[in-house]
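Trainee:
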């Protein structure tokens, strides 16, 4: 119903700061996939899967944060 109002929708992107196996992605992914119109891809942008949410290095954390923001704001379909 919501997506019916978006006839040119090509992609649904979920962005989160937490690693892929943490946060809401693992919960919301099946639902987004189920309700996405046929032919519309569901994508994830965020940190890769890991056993700890911390990067362990402030420099690496900053670079990863910049990548997440950049990837989410510069999407090209």
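Numbering (UniProt numbering), first residue to last: 1 to 77. No residue lacks a Cβ here, since even glycine has one placed at the ideal position from N, Cα and C. Note that the structure is predicted; figures quoted are calculated from it, not measured.
(1) Would residue 49 and residue 8 qualify as a contact pair, given that the criterion is a beta-carbon distance under 8 Å?
(2) Identify every residue that forms a DSSP beta bridge with residue 78.
(3) If I follow the unbroken beta strand (DSSP E) through residue 17, where does it start and stop?
(4) If you follow the beta strand (DSSP E) that residue 46 is in, where does it begin and where does it stop?
(5) Taking the CB atoms as reference points, tell me whether residue 25 and residue 56 lie closer together than 8 Å.
(6) Does the beta carbon of residue 66 sit closer than 8 Å to a beta carbon anywhere in chain D?
(7) Roughly how many angstroms lie between the CA atoms of residue 3 and residue 15, to the nearest whole one?
(8) I think residue 11 touches residue 40, with their Cβ atoms under 8 Å apart; what is that distance to the nearest whole Å?
Mentor: In terms of the structure at hand:
(1) Counted from its first residue, the chain shown places residue 49 at position 49. Counted from its first residue, the chain shown places residue 8 at position 8. No, the Cβ-Cβ distance between residue 49 and residue 8 is not below 8 Å.
(2) Given that the chain is displayed from residue 1 to residue 77, the structure contains no residue 78 and the question cannot be resolved.
(3) Counting from one through the chain shown, the residue named residue 17 turns up at place 17. That run of the beta strand (DSSP E) goes 11–19.
(4) Counting from 1 along the chain shown, the entry for residue 46 is found at position 46. That run of the beta strand (DSSP E) goes 41–47.
(5) Against the chain shown, residue 25 aligns to sequence position 25. Against the chain shown, residue 56 aligns to sequence position 56. No, they are not a contact pair.
(6) In the displayed structure, chain D is absent; only one protein chain is listed.
(7) As a position in the chain shown, residue 3 is number 3, starting the count at 1. As a position in the chain shown, residue 15 is number 15, starting the count at 1. So the alpha carbons of these two residues sit roughly 18 Å apart.
(8) Indexing the chain shown from 1 puts residue 11 at position 11. Indexing the chain shown from 1 puts residue 40 at position 40. Confirmed, about 6 Å.
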